[in-house]
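Asks:
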Amino acid sequence: MLIALTAKNKLGFIDGTCEKPYTTSPKLHQWERCNGFVLSWIMNTVSREIFNGIVYSTDDFSVWKDLRERFNKVNGSRIFSFHREIGCCAQGSFTVSAYYSKLRQFWDEYNSLVTLPSCGCPTSREYVEHNQQQKLLQFLMDLNDSYGAIRSQILMMSPLPTIGHTFSSCYYH
1 MLIALTAKNK LGFIDGTCEK PYTTSPKLHQ WERCNGFVLS WIMNTVSREI
51 FNGIVYSTDD FSVWKDLRER FNKVNGSRIF SFHREIGCCA QGSFTVSAYY
101 SKLRQFWDEY NSLVTLPSCG CPTSREYVEH NQQQKLLQFL MDLNDSYGAI
151 RSQILMMSPL PTIGHTFSSC YYH
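Read in order, the letters of the sequence shown are residues 1 to 173 in the UniProt record's numbering.
Right, dumping it as structure tokens:
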């Protein structure tokens, strides 16, 4: 939902940065039209049970805030579950492509729960690089033994390649 709202330049309606203009503003009609668009989009996306609780709402910011309070719960058990799923994910009978795609799905879902720092400072960049290195190691750890030689070559590289480069090397192996 956030991606679609960003693409439509409507994220400000749910994060509170696009405030409703005064009743005398010539932009009020345009704001109300966009607000209605975002509200209808939210209402058409949620389940029937949730829809019944927001059908009479007129402010998309308050609807989004309510939905976040109810459903955006990041707790230890969810994070633990993702770590367990990632840790138990092995190539096995999967192709390298299917194995990598499965890991990417877990990583993307995990990243939607845990926000990495993105301020651009050296510490933030180091943290993001460390996170990428962890993903690389997770990918390499549970590749089948037939990839042992390429795994050894990759681990000998300095600096270590990106996860995308590593996948490509394994895919064409």
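For glycine and all other residues, C-beta sits at the position ideal for the given N, C-alpha and C.
Given the structure is predicted, the values throughout are model-derived calculations rather than measurements.
Measuring only the C-alpha atoms, how far is E109 from L28?
Replies: Rounded to the nearest angstrom, the two C-alpha atoms are 38 Å apart.
Asks: If you compare alpha carbons, which of P159, E85, M1, L113 is closest to W41?
Replies: Of P159, E85, M1, L113, the residue nearest in Cα terms is M1.
Asks: Ends of the alpha helix (DSSP H) at D145?
Replies: Careful: D145 lies outside any alpha helix (DSSP H) and carries neither H nor E.
Asks: Pick out whichever of R48, G53, A90 has its Cα sitting closest to the Cα of N144.
Replies: Answer by Cα proximity: A90.
Asks: Check whether the region 121 to 133 touches the region 79 to 95, counting contact only when three or more Cβ pairs, one atom from each stretch, lie closer than 8 Å.
Replies: The answer is no - the region 79 to 95 does not touch the region 121 to 133, with fewer than three Cβ pairs under 8 Å.
Asks: Can you look up Y100 in the DSSP assignment and give me helix, strand or coil?
Replies: Note: Y100 maps to helix in three-state DSSP.
Asks: Using CA atoms only, rank isn't needed, just tell me which of I14, S124, T45, R104 is closest to Q138.
Replies: Closest option to Q138, Cα to Cα, is R104.
Asks: Do you know how far the Cα of S97 is from the Cα of D15?
Replies: In a straight line, the C-alpha of D15 is about 37 Å away from that of S97.
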